[in-house]
Structure formats: structure tokens, C-alpha cells
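Heads up, the sequence shown is in the working numbering, so the first residue is 1248 and it goes up one at a time. Just so you know, even glycine gets a beta-carbon here, dropped at the ideal spot from N, CA and C. Quantities reported herein were computed from a predicted structural model and do not represent experimental measurements. Before any comments, here is the structure.
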Amino acid sequence: MSARGDQPRTPVLRQEYRPPAWWVDHVELEFDLDATETRVTSRMSVRRNPEVDAEPLTLSGAGLETKRVEIDGEPAKFDERGADETLVVEGVPERAEVTTEVVVHPERNTALEGLYKSGAMLLTQCEAEGFRKITWFPDRPDVMATYRVRLAGDRERFPVLLSNGNCMETGELDDGRHFAVWNDPFPKPSYLFAIVAGELSELADTFTTRSGREVALKFYSEPENIGQLDHAMESLKKSMAWDEERFGLEYDLDVFHVVATHDFNMGAMENKSLNIFNARYVLADRETATDADYEAIESVIAHEYFHNWTGNRVTCRDWFQLTLKEGLTVFRDQEFTADMRSPGVKRIQDVSDLMARQFPEDAGPMAHPVRPERYVEINNFYTATVYEKGAQVVRMYETLLGRDGFRRGMDLYFERHDGQAVTCDDFRRAMADANDADLEQFERWYRQVGTPTVEASTRYDESAGELVLELAQRLPEHPDNRNIGALMIPVKVGFLDTDNRPLPVTLSGESEAGPETRLLVLTDEKAEYRFRDLPADALPSLLRDYSAPVKLDYDWSSRDLARLAGFDSDPFSRWRAMRRLSERVLGDLIEGRDEHDAELLIEAWAAVLDGSGEDPALAAELLSLPSVGELAQDRDPVDIEAIHAARVELLGLLGRRLENALRERFDTLAPTGEWSSEGPDAARRRLRNVALGLLASGGCDDAAEWASKHYDGADNMTDRLAAFRTLVHHELEGAQDALADFEQRFADDQLVMDKWFAVQATRSDERAVDDVRRLMDHAAFRLNNPNKVRSLIGAFAMMNPVAFHRADGAGYKLVGEVLDKLDDINPQVGARLATSFNRWRAYDDKRSAMMKEQLQKLAAKKGLSPDIEEIVTAALK
Ligand code: PHE
Ligand code: ZN
């Protein structure tokens, strides 16, 4: 139990980092495993750090029952301080062996941090500060030790015993027990430690690294899911090959394990050689996983595998540096997916996700730099900012230095820091030094808060015959932005002629024609760029490839947006232009203006549909509108009903006006050959399902019949789910049958039931509140399972603004009640859900007051977790 008082918690500050007073070189752990009571003995070889002032050995621990503390085999004097969860051991000599013995209770651990139980299996989650819930330790990432782990437990209950590194020994014990000893030769921070014990089935394969090391690859799941591991295994092999190819990085041990669990707070965890995964990012087969699931699995498998170098071999000095491993590893997994699938579509999806999830965070009460300055609960900083914006920051190095330059920087980074715990500054210096580049100014990206804006304008200088582009940058108002100054912003630009063909971009004074996409680097508050040989009416395409994580202001006409959407050479830029155009039309509809450019949008969509044979996945991206949530982002006050109505109106118009083309697409995209989860097949299904959804939006007569047929005839989850969603969200005839059929068909499959919950939770209708309440009593729902909470409550609160903001406050009340319970069960999952109230101030007085009331109720709760407290306090401030 955490025994903190009720006084406000003081944040940890980045500037206050101090190196540890003690090192741990090696640790021997012994687990006597049992679901109710597990005994953990730890023998640490500790050594005083001569570089800092002497301090007694201070260890972290939370909820431990301490049985014994010894120094070199003799009972030690120690002081256990419940309030700050530390154990101070007196009289430890310069070097010593410190032994502790504790008891922990996995079964009672509903927070899923430390040692806990999932189904019949026992497993651990240590990042960020879970190791202290297992044993006393300097639980901070700059203390790196080698681990030797002995696991002992009942052979029947725990036939499989796993930990990091290599298995050294196994054997029998008395009373039906057995043991296994694991040794990890690589020093690692405690957050990368893991064990797994249980009855698990195994899928084994091998991978031979390019230097000839044969690596055993082993995937584990509950026996009934063993047939769903093949795609993840293939993904792992692709990831291993890709990292060798692109970054020259090879795997470094003889074995690599992946374990799937249904009870997990996050997506997956990169524990050294023993990755633990939320089952939803491992298990897949055609009947139960969508194409999006297949792609997500491939990318999360890659992400965790890539961490072996970016995170494990080189780790973070302290948790403020989290983006050092996460931003970089997300960048790497994005590049991997781009190479495996379609780079243009991947770029669109990543930016679209950034705008939908990170922009609001950047504009909200918890806004923080990619390298935060302070935190109360580090678990609250596993954010879209640290991960996704962090990845955009890493991408800018590559944009600025080129692919080869970036690779040189990576090589130098590993050469310098392999085996170390380092900082974002170390990474930046490696990038700079390897390229003889000055990246001092680039450091500001790590300190600025909020999304910067770049304002662009163009004019034609007749006398010089030059087209002039002006760029100016601005940071949002925020106390932490006061002393930042100008950022270094890479801006990729191009121009189209009146026939929408690309023009060479040549700066004035250059003698040779420039490239069609030009990289400008804005380093001042304002700059002017002069181009020669461009016609006065050249159409600018700005921020191609989303070359920097900024908002771009430029005053395009609707017609020019339609041109860019149809013809720009950069897929991202096409998507962005289409988005701008639809945002403009929707804005007019929301404000109730009669004049709007819907006709232009219809034309643009018609053109996309027409040419969609070439790249159906790109077409599917282009044929989408911003969500209600995204449209709400920049509005204050927010009128959810008006936004929703405008969206329904426009979708209806698009569906009706494009009906023939949509029908035609739906037919021509029908599957021909064998099913495959590969990109081209997935792309066809994707566009076909978009067409179906639009036909339903258009209120087209036979939409219900088509959707039902699509549902019944589906031989894969992508089609079945799309049809199911269409039926339920549009309340088409057949929706009730589909709900019952889906439920019955997949009753035994937890992951598919998550989809069943999510579809109902996201129906844009006030009555969804009542559905969610009812579904919370469903046999398949559990408040102590994060996937269930996210698919029902999380989806409702975050992805169904129409129901969540129901005028009578029923949505707020529901989420408030759930939060109150989650706070006792799983604060980490609760804290994420609590952010759904972040924008309470932007709503009308009534709604605003009701949301505030939920926040205040939580704030007043006795024993409120630090996780939720930090979110709620920031929101109320
Ligand atoms: N480090 C994990 C990842 O990004 C995420 C994670 C964080 C998982 C904290 C569990 C707990 O891959
Ligand atoms: Zn990660």
C-alpha cells in the first residue's frame, strides 16, 4: 500500500537530477512463487559512488512486507520509511553484499504494476517504477546491474518459468515444485527486469543474424490462443532483418521471448529478451483480427524489438529523458512500417494521429515538452507528446541531416553510449558531431511547450521577377516558453503550375534549376525566401511530408486546396489540403452559413474516387472527414450538437451525391483471389468499407441490405467489423440481429468482445450512455481489465463526444463513477480516462459546471491516487 499522506505531492524536477550515491553491479534474485504470497530474496552487490557526497544506502520499495535486511550476511540496522517508501540501510561499507527478503501479494495487485496475476499466470511490469513493488532497490534507470534470477514454484501451476537472458539451469524440487535459473549478461536498469510463470503454450522459430548468430524466437500464449501467434512471429523476423539492414543493428542474445497477456496497462513492454505484450498486439487470425490489427501488431512487435538497442543497450539516465528511447523507437517503427507497407499512407496516418491525440494534449492542462520539466507521477508522462511528437522531433534530425547523416549520427550514438544511461542532449550531440553540424538551436525543441505555428504568405515581386515566400514562427503562450527563442524548423516546399505540374524550386541567385521539393530551414522568428523562374500564379505546397510538428497558416483558396488535394506530388500534402477544405466546409455548416464550398469538396472526392484504383489506401485516407473530437479542438465554446449535425449533413450530402461512384467502387473492389493481410488486399477492403459507410451516411436505399450481406458473407474480421459498425452506427435494419450474432459468435474471444463493446460505445447518439451503463453489467465486462475499460468506457469518453457530452450530464456522471472505482483498482488506467474532462472550460455553462463537479468530486476523494490527482489538479487549476 502506498502510505502517502493527504498533503499535496511535490513534483520531481528535471533540473534536480543527481547521480546515484550507490551503484549496484550485480543482483541475485530468488522468487518463491505463489499467487497469494510470493517471497523475494535479493542479494545486491553494491558499491559507493565516489563521485558524489557520501549518503547512506537508500532503497525504494512500495507495498513490501520486509522480512530481513543483511549486510554481508549479518543483520543490518535499517529504517523503513513508509511515507516516502524508502529503506535506509545504515553502516554499509564501500562495497558490500546487501540482502533483503520480502513478501508480496500478486493476487491482490490490481494496479498491474510489479508482480501480478493474469489468468493463471504470474508476471511482472516494472517500467517505470514497478520494480520497487517487487523488492527493495535503487529503482532508477541510471543504476544498471547484471541479474541472475532463480524462479521456484509449483510445476503443475507454473510449468513455464521465464526471466531475462539465458536459461542456465532447471531442476526438480520437493512437493511437486521445480525451478529455473536465468542469467542476463547485459547490465540493465531495473525497469527492464521481468519474470513470467504459468501454463503457457509455445510457438518456436529461429532467426539467423547476419553475423551468423542463431537466435531462438519463442512466443507464448495461453494454450487456446497458440494458433494466433504466426503473424507476430513473422513480424518479428521482418523487424530483425530490417534493423540490420537499415541501422546495422543485430540482436545480441541467443534467445528472444514474447509473452501475451490479457491484463496489461499499456501496449507492450520491451523487457530485455522477454517482451511482454498486451494480447491485442500479438494474437491475430483472419476471423478475429482486422487488417488494422495486423498492421498494429507488426508495428508494436517491431517497436519493442527495436528497443533492444534504443532503450535497452543505450537507456535513459532519468525519466525526464523518456523520449530519448520512445521518440526514437517510435520513429524507427514508423520507418519500418513505411518500408513494409505504403510510405505515403503511413505518413498520413501518423500525422493524423498526432493531430487527433497530441495536439489537444499540447493545448491542454497537462501540456509538456517532449522532455518534461517536472512530474508528480511519471506514469502520466507516457504521452502522445513524449512518444508521437518525440518521434517527429527525431524525424527532423533526419530531415535536416539526410538519411545517411542520420545513420552516421546513430552509429556514433551507439559507439559512444553502448551500455550507458544517457540524455537527449547526448543523442543530439552524437547527431551534430557525426555530421559536423551545429544543432545547439535544435535543443529548443526539447524545451518548448505546445504546438508552434508557422505563418506563411507569398507575394510576387514584379520588378525582380521573383516569387517571395515569407515564413514567421510563433510559440503558444505558456510560462515555460518565455525564454525559448526561435526554433529550428525544417519546412519542405514545392510549387505547382496552372496545369498542376511540379515546378523546380530555385532560389534567387542560384544558377541551376532546383529540386521539385525544397528544404528551407527557418531559424529566425521571420525569414523571406526569394525564388526565381516561378510564375506569379505558382501554387505553393507548404510543409510537404509534414517536415516539422507545427501548425501551418496559409491562406489558400478553396479551389487551390482542391487542386493540391487532387494533384500535389506529396501524399501527405494532398491529405492535408483535403482536410483543410473539409474543415472549411464544416466550419461554415457549423456556423450556419449558407454559402459554403461543399460543391468543391464533392468534386474533389469524386476525382479521388475516380482515380482510386491506383492507390485505394490513399484514397481511403483522402475520403474521410475530421472527427467531431477534432473539430471541437479549436473551438471555444464548443457546440457538440452543431458540430455533429454539420458532419452528418455533409456526410449525407457526400454519400448521396457520390452514390453511383460509391456503388461502383463497392462492386469493383470485391475480393477476387485468396484472402491475405498484406497491404494491397487490405487497401481494397479498406476503401470498399469506406464506400459502404458513405452509402449508409447518404441514406441510400439498399445500404441496410448491403451491410447485412457484407456482414453475413464476411470471411474475415475487417469486413465483418466494418459491416457491423455500419449497421449499428446507422441503426440500419438488421443492426439488432448483428449485435446478437456478433456477441454469440465471439463470446469466448476477449479481444473480439472488446470490439463489440467499442462499436456500441462509439455510436454517436445520446442513448449510447444507457447502452454503456447496461454493458458494464455484461458477463464479458470487467472493470479490473484495462482492455475492457478502454474499449467500453475509454472509447465512450474519448471517441464519442456526442454521448459523453449529453446535455443532462449522464455521460459525465457515468465516467465520474467509473473513475472513482478505477482509482482504487488501477490508477494508471484511471488517470488516462480522467483526461476526458480536460477541456471542461470550453463548453457551455451548464456542461462546464457539470464536468467541473466531477473533477471536484474526484479531487476531494480521500486517498486519491497520485496518478489521478495530478491530472485532476492540473485540469482544475
Ligand atoms: N515502454 C513501453 C513501450 O513503449 C511502454 C510501457 C510503459 C509499457 C510503461 C508498460 C509500462 O514500448
Ligand atoms: Zn516504447
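A straight line joining the alpha-carbon of Thr1333 with that of Phe1628 spans about 23 Å.
A direct Cα-Cα distance of roughly 40 Å separates Ser1871 from Glu1687.
In this model, Ser1546 and Phe1454 are separated by some 18 Å (Cα to Cα). In this structure, Phe1814 keeps its C-beta atom at 8 Å or more from the C-beta atom of Gly1591. Contact between the segment 1491-1511 and the segment 2055-2072 is absent, with fewer than three C-beta pairs closer than 8 Å. The Cβ neighbour count for Gly1860, taken over all protein chains shown within 10 Å, is under 16; the residue is labelled exposed. The residue among His1273, Thr1288, Met2045 with its C-alpha nearest the C-alpha of Asp1279 is Thr1288.
For secondary structure counted as the beta strand (DSSP E) over 3 or more consecutive residues, the segment 1701-1773 holds these complete runs in sequence order: 1713-1721, 1736-1743, 1765-1769. For Gln1372, the pairing in a beta bridge is given by DSSP as Gly1361. Taking the CA atoms as reference points, Arg1533 sits about 48 Å from Arg1256. Distance from the CA atom of Lys2035 to the CA atom of Pro1782, rounded to whole angstroms, is 57 Å. Taking the Cβ of Gln1372 as the reference point, at least one heavy atom of ligand 1 falls within a distance shorter than 7 Å.
Counting along the chain, no beta strand (DSSP E) covers Glu1582; the unbroken alpha helix (DSSP H) around it starts and ends at 1569-1587. One thing to note: Ala1539 has its Cβ no nearer than 8 Å to the Cβ of Phe1583. In the DSSP assignment, His1550 falls outside any beta strand (DSSP E) and within the unbroken alpha helix (DSSP H) covering 1538-1553. Closest by C-alpha distance to Ala2106, out of Ala2121, Gln1262, Thr1537, Arg1594, is Ala2121. The shortest CA-to-CA distance from Asp2091 to any of Asp1886, Trp1922, Pro1863 is the one to Asp1886. Contact annotation: Val1345 and Lys1314 have beta-carbon atoms that are not nearer than 8 Å. Comparing alpha carbon positions, the residue from Ala1684, Ala2005, Ala2027, Arg2029 closest to Ala2044 is Ala2005. When C-alpha distances from Pro1749 are compared across Ser1755, Val1740, Gly1756, the shortest belongs to Val1740. The way I'd put it, the segment 1553-1562 doesn't touch the segment 1366-1379; fewer than three beta-carbon pairs between them come closer than 8 Å.
Listed in chain order, the non-local C-beta contacts of Arg1457 below 6 Å within the same chain comprise Glu1491, local neighbours out to five positions each way being set aside. The beta carbons of Arg1779 and Gly1712 sit about 7 Å from each other, so the pair counts as a contact at 8 Å. Inclusion of Asp1996 and Thr1535 in the CB contact set at 8 Å is warranted, their separation being smaller than that value.
Partner residues in the beta bridge of Lys1435, as assigned by DSSP, are Ala1392.
For Val1299, the number of other beta carbons within 10 angstroms of its own is below 16, and it is reported as exposed.
Check the Cα spacing between Leu1575 and each of Met1602, Phe1567, Cys1671: the tightest is with Cys1671. In the structure shown, Tyr2090 falls within a coil segment according to DSSP collapsed to helix, strand and coil. It is roughly 17 Å from the alpha-carbon of Tyr1467 to the alpha-carbon of Tyr1363.
A direct Cα-Cα distance of roughly 6 Å separates Lys1324 from Glu1337. One thing to note: Leu1916 has its Cβ no nearer than 8 Å to the Cβ of Arg1904.
Shown here for Ala1719: same chain residues with a beta carbon closer than 6 Å to its own, the five before and five after excluded, namely Glu1702, Lys1773 in chain order. In terms of CA proximity to Arg1663, Arg1560 leads the group Arg1560, Arg1395, Glu1846, Ala1531. Counting C-beta pairs with one atom in each stretch, the segment 1264-1275 and the segment 1390-1400 have three or more that are closer than 8 Å, which means they touch. Taking the C-beta atoms as reference points, Val2016 is found nearer than 8 Å to Ala2057.
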